[in-house]
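Novice: Counted the way our numbering counts, the sequence shown spans residues 2 to 340. Where is the CB? At the ideal position from N, CA and C, for every residue including glycine. Below is one structure. I have some questions about it.
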Amino acid sequence: MAKRLYFIIAAVLIFISAAYGYDAELRRTGQQSSYDANRPQKDDGALKKGVAWLSPRFIDNSDGTVTDKLTGLMWTKNANLPGATKSWQGALNYAASMNTSSGTYGYTDWRLPNQEELFSLIDVSRYYPALPANHPFTNVESTADLCWYWSSTTYAGSTNVAWVVHMDDGAVNYDNKSNNTNYVWPVRGGRTAASDSSAAASAINAIYEQYASWFGTASGSLTSGTYNGITYYTQWFSNGAAIVAGYDGNLYTYYNGTWYGLSIVWKDYGKAASAINTVYAKYASWFGTKAGGLTSATYNGITYYVQWFSNGAAIVAGYDGNLYTYYNGTWYSLGVTWK
């Protein structure tokens, strides 16, 4: 594993256009077979564009909840917890009722998923239900003709209807909020503006730690801006340079009128840095000092991150979404997910 961060210099002005950018957060659909008659084949099944799914993708938390390591969302393990269908407002009310007193399964921030979150569960290569193989969920309604699940997202064309997802085949449609009833699958968690800001700060700090003598001291605090509705983050330094968590998902430095691409996806890099630093803070006396910066490598198309220390150990944000330590030829699982 490489211990040195190599700058791949590209004079890229990231604020000109987002047209060529790729959203690294987009996941693969799950389609495995190609049906394109052309050669070479270029349909979804052939190209498999997007973030590869983790294996295993889901964690059964053994407390009535399941965590999706691909999205960071936590779902109820029982996909029909109410035991009956409800109107759209009834679905919202049910999710809200889970947050009273001490909450449900120990959490008080359950809600009805939005349309994108609900569809994120779908594996388009499967049906009855259209969920990834070996998923741990129970009571997924997928055998009846009317096995639609409510999302919290209202249809823009008519505000008396909301988007729904069919769990037997992954179809997406909309349904009348009051006249019809559908199933309810509560969710919690998810990325927010605050978590993005935290990931950006952690990613920028991980770079700064390695080159602090060149950057100097921070000038002001982390600032944010928006381009085409996408937020980016900037930290300026006393030498006149900046480190930018770009709106295209990548990390850059800016100095003396020139942009330098670091070939780093800042959201995952930042999450990994934050998780590793949390462990390191608890056991710094054993790990010693950091030996080089946070580096990355790829396995089966999935990126993982490694931080080495002066005692010869490493903390690894693994490609399976879990956190590990490595020491003297042995791997130790920390039982912690980092993404």
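(1) Can Ala96 and Asn140 be called in contact, C-beta distance under 8 Å?
(2) Considering only their Cβ atoms, is the gap separating Val162 from Tyr175 smaller than 8 Å?
(3) Take Ile205 and list the residues in its own chain whose beta-carbon comes closer than 6 Å to its own, dropping the five residues that flank it on each side.
(4) Return the residue from the list Leu113, Gly190, His136 that minimises the CA-CA distance to Trp164.
(5) Do you know how far the Cα of Ala145 is from the Cα of Ile265?
(6) Determine the contact status of Leu295 and Ala276, defining contact as a CB-CB distance below 8 Å.
(7) With burial defined as no fewer than 16 other Cβ atoms inside 10 Å of the residue's Cβ, what is the status of Lys50: buried or exposed?
(8) Give the DSSP-derived three-state secondary structure of Ala276 in the structure shown.
(9) By the DSSP assignment, the alpha helix (DSSP H) with Gly46 in it spans what residues?
(10) Considering Asn94, what are the terminal residues of the beta strand (DSSP E) in which it resides?
(11) Does Val67 have its Cβ less than 8 Å from a Cβ in chain D?
(12) Report buried or exposed for Val317, applying the criterion of at least 16 other Cβ atoms within 10 angstroms of its Cβ.
(13) First and last residue of the beta strand (DSSP E) that includes Gln308?
(14) Note down the Cα distance separating Val1 from Tyr325, rounded to an integer number of angstroms.
(15) Once the 5 residues before and after Tyr327 are set aside, which same chain residues still bring their CB inside 7 Å of it?
(16) Considering only C-alpha positions, which residue in the set Thr105, Trp76, Trp111, Ala47 is nearest to Phe59?
(17) Pull up the CB-CB distance for Gly91 and Gly190, whole angstroms please, since I reckon it's below 8 Å.
(18) Taking 8 Å as the cut-off, decide whether the C-beta atoms of Asp169 and Tyr212 are in contact.
(19) Going along the chain, which unbroken runs of the alpha helix (DSSP H) with 4 or more residues stay wholly within the stretch 191-226?
(20) Check each candidate in Gly221, Ser222, Asp249, Trp215 and name the one with the smallest Cα separation from Gly230.
(21) Cys148 to Trp186, Cα distance in whole Å?
(22) I need the straight-line Cα distance from Asn278 to Asp269, nearest angstrom please.
Specialist: Working from what's here:
(1) Not closer than 8 Å, so no.
(2) yes
(3) Gln236, Ile244
(4) Ranking the options by Cα distance to Trp164, first place goes to Leu113.
(5) Going by the C-alpha atoms only, they are around 45 Å apart.
(6) In this structure, Ala276 does not lie closer than 8 Å to Leu295 by Cβ.
(7) So Lys50 counts as exposed.
(8) helix
(9) From DSSP, the alpha helix (DSSP H) with Gly46 extends over 45-48.
(10) Where Asn94 is concerned, there is no enclosing beta strand (DSSP E), although the alpha helix (DSSP H) it sits in stretches over 89-98.
(11) The structure shown has no chain D; it contains just one protein chain.
(12) buried
(13) Start and end: 303-309.
(14) Outside the displayed range of the chain (2 to 340) lies residue 1, so it cannot be described from this structure.
(15) Ala314, Ala315, Val317
(16) Residue nearest to Phe59 within the set Thr105, Trp76, Trp111, Ala47 is Trp76 (criterion: CA-CA distance).
(17) With a contact defined as Cβ atoms closer than 8 Å, Gly91 and Gly190 miss out at about 23 Å.
(18) no
(19) 194-216
(20) Asp249
(21) 12 Å
(22) 14 Å
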